[in-house]
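Below is one structure, written out as structure tokens, with a few remarks after it.
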Amino acid sequence: MDTRNTLNAALGSIVIAALLASGIAPFDRTTWLMEVAPVLIALPLIVVTRKNYPLTILLTVLIALHMLVLIAGGAWSYARVPLGFWLQEVFAVDRNPYDKIGHFMQGFVPALIAREILLRGAYIKGRKMTAFLCISIALAISATYELIEWAAALALGQGADEFLGTQGDVWDTQSDMFMALIGSSTAMVFLSGWHDRQLARLPGAYRRKPDVCQPTGNAELPMLDIYMPMMKSAAIIATGRLGLFQALAEGPLDSADLARKIQASERGTATLIDFLITIGYLEQQGTKIANSASTQRWLTRLGQIDYTPGVLWTYEAWPMMARLDDAVRSGQPESTLWDAMVDRPELGELFSAYMRAFAQDLGPDLLKHVPITAKYRRLLDLGGSHGLHSVRFCQRYPQLSSRIVDLPSALGNTPATLAGEGLSQRIELSPGNLLDHDWGTGHDVVFYLSVAHNQTADDNRRVIQRIYNALNPGGLLVIHEYLAESPNNALNAAFRLTLLFETGTQTHAFDDYAGWLEAADFVALKRIDLDPQEKGSLLLAWRP
Numbered sequence: 097m098d099t100r101n102t103l104n105a106a107l108g109s110i111v112i113a114a115l116l117a118s119g120i121a122p123f124d125r126t127t128w129l130m131e132v133a134p135v136l137i138a139l140p141l142i143v144v145t146r147k148n149y150p151l152t153i154l155l156t157v158l159i160a161l162h163m164l165v166l167i168a169g170g171a172w173s174y175a176r177v178p179l180g181f182w183l184q185e186v187f188a189v190d191r192n193p194y195d196k197i198g199h200f201m202q203g204f205v206p207a208l209i210a211r212e213i214l215l216r217g218a219y220i221k222g223r224k225m226t227a228f229l230c231i232s233i234a235l236a237i238s239a240t241y242e243l244i245e246w247a248a249a250l251a252l253g254q255g256a257d258e259f260l261g262t263q264g265d266v267w268d269t270q271s272d273m274f275m276a277l278i279g280s281s282t283a284m285v286f287l288s289g290w291h292d293r294q295l296a297r298l299p300g301a302y303r304r305k306p307d308v309c310q311p312t313g314n315a316e317l318p319m320l321d322i323y324m325p326m327m328k329s330a331a332i333i334a335t336g337r338l339g340l341f342q343a344l345a346e347g348p349l350d351s352a353d354l355a356r357k358i359q360a361s362e363r364g365t366a367t368l369i370d371f372l373i374t375i376g377y378l379e380q381q382g383t384k385i386a387n388s389a390s391t392q393r394w395l396t397r398l399g400q401i402d403y404t405p406g407v408l409w410t411y412e413a414w415p416m417m418a419r420l421d422d423a424v425r426s427g428q429p430e431s432t433l434w435d436a437m438v439d440r441p442e443l444g445e446l447f448s449a450y451m452r453a454f455a456q457d458l459g460p461d462l463l464k465h466v467p468i469t470a471k472y473r474r475l476l477d478l479g480g481s482h483g484l485h486s487v488r489f490c491q492r493y494p495q496l497s498s499r500i501v502d503l504p505s506a507l508g509n510t511p512a513t514l515a516g517e518g519l520s521q522r523i524e525l526s527p528g529n530l531l532d533h534d535w536g537t538g539h540d541v542v543f544y545l546s547v548a549h550n551q552t553a554d555d556n557r558r559v560i561q562r563i564y565n566a567l568n569p570g571g572l573l574v575i576h577e578y579l580a581e582s583p584n585n586a587l588n589a590a591f592r593l594t595l596l597f598e599t600g601t602q603t604h605a606f607d608d609y610a611g612w613l614e615a616a617d618f619v620a621l622k623r624i625d626l627d628p629q630e631k632g633s634l635l636l637a638w639r640p
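Written as structure tokens, this is what we have:
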């Protein structure tokens, strides 16, 4: 059991034990039920969603603490909690102030819950607006609670006194709201940085990403539609080559310190920073500069997935893009990506690192959807370069061994990866072009992941037939691809244009794959469209 699961189990046990104990002999049964109702609602919800929507550790701990505050208020009633009497004596106040702790928490914790939802959903940009909305949401929740108290007073009359906990204070409602304001503001001021760092490490965070394929052509000045995307790409590529995002991974720096860290001029660094702030990749925090939450998550070594190799690859692909018009005229590139890797083997290693980042994003979906039975022993990973998919499946299924087939230039860093995972004896590297290389036979599972778009239709037909012949009866073929769909969408069209000048190939439709698989005698074809749709689709088929 990992640290997160251990902590969740411990906190859950404490809350449940406290809840059960509080219900044995509460001061007032009706008051107890109304006070612990949020716990009875929230606790099952958190348990049910913990796998698909795991919370940050910080938020989990604070929610548990808030639940304990509510449970104590329900057990004794807020006017009689012993901790409150102690605080009353220490601070020489004329009433038990425990209810103010409750209302402070009512602002403190909901504000952080709102922040996590807003940032993970990428619903809003800007640190100040995020804080404003989180505080507003917390105050709205607190105001709703005051309305519930009012309704209880109308329904129960004097029976609601313990639930209301006013203790004769005519300004109780106003002071409750003020405490919620203090609590929510405190959370935003003191916990936002800590929360950002935890969000950046959270698996599955920010599931909803901003749409990067917005329609263009609507700029007030037509050239802005060309100039601004160019500058955005150029700035991010320069940042990747300078290591600027990585330099900020461990925390904010002022502009001068950042310039020294990346060995650049102060003027140049400040100018680049200004632009990166305007496009949402950096944030100004007082006198210092920080990565935005999404930058920290996607473009640093401390984030969930580091796509820096993709940024560096884009730098290498830039000269190829400059020859797009030639590819359009001829219908194919003058030389392919694979030709370039032969001339410059380091490109193969960089491309493999880029694909490894994609594989980290895709990996959990594969483990979820690919059914590996106990009888499956041998995995063939075609085009598996980085080795990550073979590593994950061999780690999950101890009976598996794997063979990875890919170009020699793509396998440069893979031996070190396998050695680091202790899998060099179970995962074999077989360098070669998969179109004419000997894969061997007797395999139980074959991965053909994000490879088919680099092959022609005829080559894919032959490869799929060879896969059928290489599989044992009952064996499974797993294809991952970005299917050519109708109606067209911007991302798919952009990818096909990329393939035109990089490899001369194209994406293929689902019906194409279905036809190739049927012709090879595969059965039980299953299509799984991944979420979000930018992840592509899985096709599963079996040899009878």
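Residue numbering for the sequence shown follows the numbering used here, starting at 97 and increasing by one per position. Even for Gly, the Cβ is constructed at its ideal location relative to N, Cα and C.
Is the beta carbon of residue i less than 8 Å from the beta carbon of residue j?
{"i": "Ala345", "j": "Leu215", "result": "no"}
{"i": "Leu587", "j": "Leu530", "result": "no"}
{"i": "Arg639", "j": "Pro569", "result": "yes"}
{"i": "Val541", "j": "Leu572", "result": "yes"}
{"i": "His549", "j": "Thr603", "result": "yes"}
{"i": "His485", "j": "Gly459", "result": "yes"}
{"i": "Arg100", "j": "Pro150", "result": "yes"}
{"i": "His291", "j": "Thr145", "result": "no"}
{"i": "His482", "j": "Ser448", "result": "yes"}
{"i": "Ile575", "j": "Leu635", "result": "yes"}
{"i": "Asp625", "j": "Ser633", "result": "yes"}
{"i": "Val157", "j": "Ala168", "result": "no"}
{"i": "Tyr544", "j": "Phe618", "result": "no"}
{"i": "Leu613", "j": "Ala637", "result": "yes"}
{"i": "Leu475", "j": "His539", "result": "yes"}
{"i": "Ala338", "j": "Leu208", "result": "Residue identity differs from the one stated: residue 338 is Leu in this sequence, not Ala. Not in contact: Leu338 and Leu208 (Cβ atoms no closer than 8 Å)."}
{"i": "Pro348", "j": "Ile322", "result": "no"}
{"i": "Arg488", "j": "Leu463", "result": "yes"}
{"i": "Tyr493", "j": "Ile468", "result": "yes"}
{"i": "Leu129", "j": "Glu212", "result": "no"}
{"i": "Asp421", "j": "Glu430", "result": "no"}
{"i": "Ala296", "j": "Leu398", "result": "yes"}
{"i": "Phe228", "j": "Trp172", "result": "no"}
Just reading off the alpha helix (DSSP H) that residue i is part of, what are its end residues?
{"i": "Val111", "result": "Thr99 to Ser118"}
{"i": "Val135", "result": "Arg125 to Thr145"}
{"i": "Ala207", "result": "Tyr194 to Arg216"}
{"i": "Leu154", "result": "Ile153 to Trp172"}
{"i": "Ala386", "result": "Looking at the DSSP string, Ala386 is not in any alpha helix (DSSP H); the run it does join, the beta strand (DSSP E), is Lys384 to Asn387."}
{"i": "Leu514", "result": "Thr510 to Gly516"}
{"i": "Val186", "result": "Pro178 to Phe187"}
Between residue i and residue j, which are expected to be in contact by the criterion C-beta below 8 Å, what is the C-beta distance as a whole number of angstroms?
{"i": "Arg557", "j": "Ala615", "result": "7 Å"}
{"i": "Ala331", "j": "Leu368", "result": "6 Å"}
{"i": "Lys631", "j": "Asp461", "result": "7 Å"}
{"i": "Phe657", "j": "Asn387", "result": "A question about residue 657 goes unanswered here, because the residues of the chain that appear run from 97 up to 640."}
{"i": "Gly508", "j": "Val407", "result": "About 20 Å; that fails the 8 Å criterion."}
{"i": "Thr383", "j": "Leu395", "result": "With a Cβ gap of about 23 Å, Thr383 and Leu395 do not count as contacting."}
{"i": "Ser351", "j": "Ala334", "result": "Contact doesn't hold; Cβ gap of about 16 Å is too wide."}
{"i": "Ser118", "j": "Gly170", "result": "6 Å"}
State the start and end residues of the unbroken beta strand (DSSP E) segment that holds residue i.
{"i": "Glu379", "result": "Leu378 to Gln381"}
{"i": "Val407", "result": "Taken as a continuous stretch (DSSP letters only), Val407 belongs to no beta strand (DSSP E), being part of the alpha helix (DSSP H) at Thr404 to Met417."}
{"i": "Arg499", "result": "Ser497 to Asp502"}
{"i": "Ser505", "result": "No beta strand (DSSP E) holds Ser505; DSSP gives it neither H nor E."}
{"i": "Ala637", "result": "Ser633 to Trp638"}
**Study point:** Those runs of the alpha helix (DSSP H) which lie wholly inside the region 528-584 and span at least 4 residues
**Key:** 553-566
Practice item. Kindly confirm or deny that the region 191-203 and the region 271-285 touch, where touching means at least three C-beta pairs closer than 8 Å. Key: yes
Check your understanding: Which ranges would you report for the alpha helix (DSSP H) in the region 592-624 if only whole runs of at least 4 residues count?
Key -> 606-615
Check your understanding: Can you list the alpha helix (DSSP H) stretches of 4 or more residues lying completely in the region 320-372, in chain order?
Key -> 320-338, 340-343 and 351-357
Exercise for review: Could you tell me whether the region 495-515 touches the region 594-605, where touching means 3 or more Cβ pairs closer than 8 Å?
Suggested key: no
**Study point:** Cβ contact (3+ pairs, closer than 8 Å) linking the region 365-384 and the region 321-338
**Key:** yes
Review point. Three or more beta-carbon pairs under 8 Å between the region 422-433 and the region 605-613, yes or no?
Key: no
Check your understanding: Can at least three beta-carbon pairs, one atom from the region 231-242 and one from the region 279-288, be found at a separation below 8 Å?
Key -> yes
Point to revise | 3-residue-minimum beta strand (DSSP E) runs that sit fully inside the region 422-485, ordered along the chain | key: 474-478
Practice item. Evaluate contact between the region 187-196 and the region 127-138, counting only Cβ atoms and requiring at least three cross-stretch pairs below 8 Å. Key: no
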